[in-house]
Amino acid sequence: MADESVRYPGSIARAGHVEPVPRRVRAELGGRFAFDTRRALYVWEWPAYPQYSIPVEDLVDGVLIDDDHLEERGAGPARRHTLRVGSEVREGAAWVWDDGAPASLRGTVRFEWEALDSWFEEDEPVYVHPRSPYSRVDALRSSSSVRVELDGVVVAEAPHCVKLFETGLPTRYYLDRTHVDLARLRRTGTVTRCPYKGTTSSYWSFDGDAATHENIAWAYDFPTVHVDGIAGLVAFYNERVDLYIDGTLLPRPAGPAG
318 MADESVRYPG SIARAGHVEP VPRRVRAELG GRFAFDTRRA LYVWEWPAYP QYSIPVEDLV
378 DGVLIDDDHL EERGAGPARR HTLRVGSEVR EGAAWVWDDG APASLRGTVR FEWEALDSWF
438 EEDEPVYVHP RSPYSRVDAL RSSSSVRVEL DGVVVAEAPH CVKLFETGLP TRYYLDRTHV
498 DLARLRRTGT VTRCPYKGTT SSYWSFDGDA ATHENIAWAY DFPTVHVDGI AGLVAFYNER
558 VDLYIDGTLL PRPAGPAG
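Every position in the sequence shown, counted from 1, becomes a number in my numbering once 317 is added.
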């Protein structure tokens, strides 16, 4: 029987899938470009989203040092390498695809995202991981009413919302702050980034009589241009609250929140 809590499309790519990237891709470390390429590949090591794989020939200031360690990386076997850019050294920061990986990946290297200071597609920064060419993110105004409860306490009630549809995730419901009882919520210092929506400006927790629920709501005051309709609005994790849409309680999605 289908899981009725899953009411959104999943990822269509499979581990090992490879596609060309039509964009210039660069990454910096210590103020210098480790690589600069127009021949990057998308490689899916798991279905949710891809990583970049960069031709070794397109390294600019980056130098790879073989760590003599072979590991299965989802799309095939790869050899771990240390990356050196000028005086900056990142141990285990790169994986060069080995025999047994798809032929299209031979001679390319996959970098650990956090090992580099900043990534760019063309001249725009990219955060967390590459944007999947198969994913969509749409922010649509909706007349659906939304009520949010936690431990029996109503923390938000809105006559309308902006629905954010993102491939592979439950629909998120963004509410005007005037319809959220911010007096019942506690602002936290949490900050997260999304390759599709940008960097969050606020997170809130709820301290109830029965329990404390950390980081259940967030806002993007300055989201990416693609979803500017959610700017300044507040959303709650479907997975962590009781969410009523047009008076109907939604089942909480299974699995980790995202």
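By construction, the Cβ of each residue, glycine as well, lies at the ideal position given by its N, Cα and C atoms.
Go to P394, then tell me how far its beta strand (DSSP E) extends in each direction, as first and last residue. As a working mapping, residue 394 is identified with position 77 in the sequence shown. P394 -> beta strand (DSSP E) spans P394 to V402.
When the distance is taken between beta carbons, is L550 closer than 8 Å to D493? Locating residue 493 in the sequence shown gives position 176, counting from the first residue. Locating residue 550 in the sequence shown gives position 233, counting from the first residue. Result yes, Cβ atoms of D493 and L550 sit closer than 8 Å.
Span separating the alpha-carbon of V335 from that of A420: As a working mapping, residue 335 is identified with position 18 in the sequence shown. As a working mapping, residue 420 is identified with position 103 in the sequence shown. C-alpha separation (whole angstroms): 10 Å.
From the DSSP secondary-structure annotation, give me the bridge partner or partners of T517. The residue given as residue 517 occupies position 200 in the sequence shown. DSSP, once it has assigned bridges, lists no residue as partnering T517.
Start-end ranges of the beta strand (DSSP E) lying completely within the segment 372–460, minimum 3 residues: For the segment 372–460, whole beta strand (DSSP E) runs of length 3 or above, ordered along the chain, are 379–389, 394–402, 405–414, 425–428, 435–438, 441–443 and 454–459.
What does the alpha-carbon distance come out to for the pair G391 and E362? Taking the first residue of the sequence shown as 1, we reach residue 391 at position 74. Taking the first residue of the sequence shown as 1, we reach residue 362 at position 45. So the two alpha carbons sit approximately 4 Å from each other.
Does V471 pass the burial test, meaning 16 or more other C-beta atoms within 10 Å, or should it be called exposed? Taking the first residue of the sequence shown as 1, we reach residue 471 at position 154. So V471 counts as exposed.
Where does S519 land, buried or exposed, given buried means 16+ other C-beta within 10 angstroms? Position 202 of the sequence shown, counted from the first residue, corresponds to residue 519. Label assigned to S519: buried.
Using only alpha-carbon positions, find the residue among A395, A552, V445 and R501 that is nearest to R510. Taking the first residue of the sequence shown as 1, we reach residue 510 at position 193. Looking at the Cα atoms, V445 is the closest of the given residues.
Where L567 sits in the DSSP three-state scheme: Taking the sequence shown and counting its residues from 1, one reaches residue 567 at position 250. DSSP places L567 in coil when its eight states are reduced to three.
Go to Y561, then tell me how far its beta strand (DSSP E) extends in each direction, as first and last residue. Mapped onto the sequence shown, residue 561 falls at position 244. First-last of the beta strand (DSSP E) with Y561: D559 to I562.
Please return the same chain residues whose Cβ sits closer than 6 Å to the Cβ of Y561, not counting the five positions on each side in sequence. Counted from its first residue, the sequence shown places residue 561 at position 244. Around Y561: R464.
Nearest CA to the CA of A356: which residue from G348, F350 and Y369? As a first step, residue 356 must be located in the sequence shown, where it is residue number 39. It should be pointed out that residue 356 corresponds to Arg in this sequence rather than to Ala. The candidate whose alpha carbon is nearest that of R356 is Y369.
Environment of E388 [buried if 16+ CB atoms lie within 10 Å]: By one-based count along the sequence shown, residue 388 stands at place 71. Exposed, because fewer than 16 other Cβ atoms sit within 10 Å of the Cβ of E388.
Between the segment 452–460 and the segment 416–435, can you find at least three pairs of beta-carbon atoms closer than 8 Å? Touching, no.
Environment of I329 [buried if 16+ CB atoms lie within 10 Å]: If you number the sequence shown from 1, residue 329 lands on position 12. I329 counts as exposed, since fewer than 16 other beta carbons sit within 10 angstroms of its beta carbon.
Which residues does DSSP list as the beta-bridge partners of W535? For the purposes of this step, residue 535 is taken as residue 218 along the sequence shown, with counting starting at 1. When DSSP reads this structure, W535 sits in a beta bridge with Y520 and A552.
Contact belief for W412 with H398 at Cβ below 8 Å, rounded distance in angstroms: Numbered from its first residue, the sequence shown carries residue 412 at position 95. Numbered from its first residue, the sequence shown carries residue 398 at position 81. Indeed, because the Cβ distance is near 7 Å, the residues count as touching under 8 Å.
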